[in-house]
Amino acid sequence: MGKIVAIGGGEIGYKGRPVETTGIDREIIRLSGTSKPKFLFVPTAGSDSEAYYEVVKNYFGTSLGCKVDVLYLLVNTPPKKEIEDKILSSDIIYVGGGNTLKMMIAWRKLGVDSALAEAYRRNTVLSGLSAGAICWFKYGSSDSRKFANSDAGLIKISGLNFINALCCPHYHTEEDRRPHLKDLMRKTSGVAIALDNCCAIEILDGKYRIITSKSDANAYKVYYKKGEFNEEVIEKKSGFSPIETLLSK
């Protein structure tokens, strides 16, 4: 049960920047089992940005051949049934980056969390980057407070708990991520999965592998054991391994 591709970060063409995640994004499409999947973009974390949707539509639609739709939630909120129908009729759900805390509050208020849980049970491909990676995990390291105050620190956010671990995106791209995670894991049981930009964890039926769109991008297993800090590069393999081994210390 369950298909998830959680991406640590990277560009998909916004404001003319070069696309960085194509190798990962093609795998998201392959997982759907169809060459022209119904692709639902959820830009809640990005404040329902129409400009963001246009970039996604051009990239995943025009360039990669998906049938792209969008689920706006913050302005003119659709009825609950329409939200559920859009989510459950899609082959791929792709959650954009932005303010994770704002997104999770809205999702829980509107029942999006329950609809996504049902989509997970139905083997819909659940994907996204940054906030769209954090949301599938039990917890995440988030910059949500920085949207109101650029000097604010990172915080711990509760996600949907489809993966029993903490997710830290942008691990070596943003300088405050690693020290914050090291401190955060002192007070968090279990393990963290830290993802560089252009790196993703792919989960399929209780097994996982690490995939990248740049050879120097990595994923890390981060945890404390007997009071000692551990940070291990997760090996990249072509095959899948049981996720229990990754999530245990």
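The numbering used here puts the first residue of the sequence shown at 839, with every later residue one more than the last.
C-beta: ideal position from N, C-alpha, C; glycine also.
Using a 10 Å radius around the Cβ and a threshold of 16 neighbouring Cβ atoms, would you call residue i buried or exposed?
i: residue 1056; result: buried
i: residue 864; result: exposed
i: residue 1035; result: buried
i: residue 989; result: exposed
i: residue 1007; result: buried
i: residue 966; result: buried
i: residue 987; result: exposed
i: residue 1065; result: exposed
i: residue 955; result: exposed
i: residue 1076; result: exposed
i: residue 877; result: buried
i: residue 861; result: exposed
i: residue 1017; result: exposed
i: residue 815; result: Missing from the structure shown is residue 815; the chain here goes from 839 to 1087 and no further.
i: residue 889; result: exposed
i: residue 946; result: exposed
i: residue 938; result: buried
Mind checking whether the beta-carbon of residue i lies closer than 8 angstroms to any heavy atom of the ligand GDP?
i: residue 1086; result: Only the bare structure without any ligand can be found here, which leaves the ligand GDP out of the picture.
What is the DSSP secondary structure of residue i, counted as helix, strand or coil?
i: residue 986; result: coil
i: residue 961; result: coil
i: residue 921; result: helix
i: residue 1001; result: strand
i: residue 943; result: helix
i: residue 901; result: helix
i: residue 857; result: coil
i: residue 891; result: helix
i: residue 954; result: helix
i: residue 852; result: helix
i: residue 884; result: helix
i: residue 926; result: helix
i: residue 978; result: strand
i: residue 967; result: strand
Tell me which residues share the same chain as residue i and place their Cβ nearer than 6 angstroms to its Cβ, disregarding the 5 neighbours each side in the sequence.
i: residue 908; result: 879, 891
i: residue 855; result: 849
i: residue 1041; result: 842
i: residue 882; result: 911, 941, 944
i: residue 1005; result: 971, 972, 975, 978, 1031
i: residue 894; result: 879
i: residue 899; result: 906
Once you ignore the five residues that flank residue i on each side, which residues in its own chain have a CB closer than 7 angstroms to its CB?
i: residue 913; result: 886
i: residue 897; result: 850, 851, 857
i: residue 804; result: Residue 804 cannot be examined here, being either before or after the span of the chain that is shown, 839 to 1087.
i: residue 974; result: 842, 844, 964, 997, 998, 1000, 1001
i: residue 870; result: 929, 930, 963
i: residue 1024; result: 1062
i: residue 1058; result: 1009, 1032, 1069, 1070, 1071, 1072
i: residue 935; result: 883, 884, 967, 968, 969, 970
Would you give the residue range spanned by the alpha helix (DSSP H) that residue i belongs to?
i: residue 863; result: 860-869
i: residue 1077; result: Neither: residue 1077 is in no alpha helix (DSSP H) and is coded neither H nor E.
Hey, could you find the ends of the beta strand (DSSP E) residue i is sitting in?
i: residue 949; result: That residue, residue 949, is in no beta strand (DSSP E); it is neither H nor E in DSSP.
i: residue 930; result: 930-933
i: residue 936; result: Run containing residue 936: none; DSSP gives neither H nor E here.
i: residue 843; result: 841-845
Only counting the same chain, and skipping five residues up and downstream in sequence, which positions put a Cβ closer than 8 angstroms to that of residue i?
i: residue 1079; result: 1045, 1046, 1047
i: residue 994; result: 977, 978, 979, 980, 1004, 1022, 1026
i: residue 927; result: 876
Note down, one range per segment and in chain order, each alpha helix (DSSP H) of at least 4 residues found wholly within the segment 1013-1072. Runs of the alpha helix (DSSP H) spanning 4 or more residues and lying entirely within the segment 1013-1072 occur at 1015-1022, in chain order.
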